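To start, the structure itself, in structure tokens.
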Amino acid sequence: MASENANHIPIYPAPTDFGDQTFRSALVVITNACNLECKHCFVFRKDTPNQPRDKMTDDCMLAQLEVLRDKHEIKSMLFMGGEPMIKSDLVLRGMSLFESSSIVTNGTYGIPSVPGHLVTVSLDGPREANDAIRGIGVFDRVKAAIFDRDPDDGTLVILQMAITRQNAPHLEEFVEVVEDWPVDGIAFTFYVPSREEESELSWHDLKERDEVVHRLIALKGKHPQIKANVGALKLLLSDRCLEATGQEGENCRIKKTLPLYIGEGGQFERTFCCYGNNVDCSRCGAYGVFNSAWHQQMESRES
Ligand SMILES: C[S@@+](CC[C@H](N)C(=O)[O-])C[C@H]1O[C@@H](n2cnc3c(N)ncnc32)[C@H](O)[C@@H]1O
Ligand code: SF4
Ligand code: SF4
Numbered sequence: 010m011a012s013e014n015a016n017h018i019p020i021y022p023a024p025t026d027f028g029d030q031t032f033r034s035a036l037v038v039i040t041n042a043c044n045l046e047c048k049h050c051f052v053f054r055k056d057t058p059n060q061p062r063d064k065m066t067d068d069c070m071l072a073q074l075e076v077l078r079d080k081h082e083i084k085s086m087l088f089m090g091g092e093p094m095i096k097s098d099l100v101l102r103g104m105s106l107f108e109s110s111s112i113v114t115n116g117t118y119g120i121p122s123v124p125g126h127l128v129t130v131s132l133d134g135p136r137e138a139n140d141a142i143r144g145i146g147v148f149d150r151v152k153a154a155i156f157d158r159d160p161d162d163g164t165l166v167i168l169q170m171a172i173t174r175q176n177a178p179h180l181e182e183f184v185e186v187v188e189d190w191p192v193d194g195i196a197f198t199f200y201v202p203s204r205e206e207e208s209e210l211s212w213h214d215l216k217e218r219d220e221v222v223h224r225l226i227a228l229k230g231k232h233p234q235i236k237a238n239v240g241a242l243k244l245l246l247s248d249r250c251l252e253a254t255g256q257e258g259e260n261c262r263i264k265k266t267l268p269l270y271i272g273e274g275g276q277f278e279r280t281f282c283c284y285g286n287n288v289d290c291s292r293c294g295a296y297g298v299f300n301s302a303w304h305q306q307m308e309s310r311e312s
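Here the sequence shown stands for residues 10 to 312, where the numbers follow this note's numbering.
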């Protein structure tokens, strides 16, 4: 709740103190409400702050984001949820606060028109495989939203499939199905399991994941719409991946991003990394981690 100064201008509580570090990039869980219950979702794991729902008011959140932006010199912000489009007005207001803003959405509320910005739309396979993870009817709703938007509105829209052990067999079919859709690219990321997780989603031994990585490298060769560097994908292979992640995340460059989750008191809370708490870094498949490590390796070779 905001108090007011003598001129009746609201004063919001200061955000949580995250130290004095500079964070060029950050992500914010703009709402921890969601209309889907995807099987693989790290946001709603028990060790990650996700209760209570939406305790912070919109104005308070924006005021705190501005303070954190100035303090940590945040240039780029990823608006995430939960489902960010449940609070589309808040997202649109928040995006204007940063030099560079992007959104990742499940696409079921339509695709926002945000010229000059990136909107990543999640789909986890062709219809049947996607709906087994994201819920019945979701594939068709997202497809309709993609085809309903104006493809010339200046918004950069890419699809993203999170590859798990469960949907990996449908990789090639997914690309075949979506390759002619009016989007700017198709991205892939691999599953980030929790520690000690043994499930139908996770690979117990990363050597088993290698076969899928090789298939993705082959697909990339045939489909230029796939947004991936082969060099980064090769770093995902089991004999290299710890170079990018470390056993406990010690090599991970994504840890330079400030993750802003909503904690119990309705205050921002920082998690271990963007993927929440209790993550198994040694089996992490977050594409951004490997892409960033690959770029760093290229830069150090050139210098
Ligand atoms: C947590 S969701 C939030 C935004 C929005 N609700 C959506 O589904 O796009 C952001 C992205 O993380 C991906 N994701 C969720 N759980 C994951 C996991 N355990 N490992 C890798 N990616 C995951 C989702 O598929 C989605 O592309
Ligand atoms: S739509 Fe996004 S936030 Fe919601 S459950 Fe699925 S992955 Fe998680
Ligand atoms: S889980 Fe992945 S993204 Fe998170 S710290 Fe570990 S290696 Fe980095």
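Heads up, the beta-carbon is just placed ideally off N, CA and C, and yes, glycines get one too.
Predicted, not measured: the structure shown is a model, and the values here were computed from it.
Supposed contact pair E46 and G144 - C-beta distance, whole angstroms, cut 8 Å
7 Å
Residues in its own chain within less than 8 Å of H232 by CB, not counting five upstream and five downstream?
V184, E188, I195
Quick check: the Cα distance between S131 and S109, rounded to an integer number of angstroms?
20 Å
Cross-strand partners of C282 (DSSP beta bridge):
G285
Local conformation of E259 per DSSP, three classes
coil
Any heavy atom of ligand 3 closer than 7 Å to the Cβ of V52?
no
Is there contact between the segment 198 to 211 and the segment 257 to 277, where contact requires at least three CB pairs shorter than 8 Å?
no
Considering only heavy atoms of ligand 2, does any lie closer than 7 Å to the CB of S211?
no
Inter-residue spacing [alpha-carbon to alpha-carbon] between N247 and V52:
The amino acid occupying residue 247 in the given sequence is Ser; Asn does not appear at that position. Cα-Cα distance, rounded: 26 Å.
Report the option in L269, D289, G294 whose CA atom is closest to the CA atom of M89.
L269
With a 10 Å radius around its C-beta and 16 neighbouring C-beta atoms as the bar for buried, classify H49 as buried or exposed.
buried
Got a sec? Which residues, its chain only, sit under 7 Å from C283 by beta carbon, not counting five neighbours each side?
L36, I263, T266, P268
Between which two residues does the beta strand (DSSP E) holding L244 run?
Careful: L244 lies outside any beta strand (DSSP E), inside the alpha helix (DSSP H) at 239 to 244.
Just to confirm my understanding: we take D289, look at its own chain, exclude 5 residues before and 5 after, and list those with CB closer than 7 Å. What are they?
P202, S203, R204, E206
Whole-angstrom distance between V100 and K84, CA atom to CA atom
16 Å
Just curious, the alpha helix (DSSP H) that S97 is in, first and last residue?
97 to 104
What does the Cβ neighbour count give for A138, buried or exposed, with the cut at 16 atoms within 10 Å?
buried
Between the beta-carbon of E92 and the beta-carbon of N59, is there less than 8 Å?
no
Excluding the five sequence neighbours on either side, which residues of its own chain have a C-beta within less than 8 Å of the C-beta of D106, listed in chain order?
The amino acid occupying residue 106 in the given sequence is Leu; Asp does not appear at that position. Once the five neighbours on either side are set aside, the close Cβ partners of L106 are L71, L74, E75, R78, M86.
What first and last residue would you give for the alpha helix (DSSP H) that runs through T198?
Per DSSP, T198 belongs to no alpha helix (DSSP H); it is in the beta strand (DSSP E), 195 to 199.
If you check the beta carbons only, do V123 and M104 fall under 8 Å apart?
yes
Using only CA atoms, which one of V151, D159, D162, G163 lies nearest to Q169?
V151
Decide if V239 is buried, meaning its Cβ has at least 16 other Cβ atoms within 10 Å, or exposed.
exposed
Contact test: Y118 Cβ vs ligand 1 heavy atom, cutoff 7 Å
no
For V222, the first and last residue of its enclosing alpha helix (DSSP H)
215 to 231
Using the C-alpha atoms, what's the distance from S111 back to I95?
16 Å
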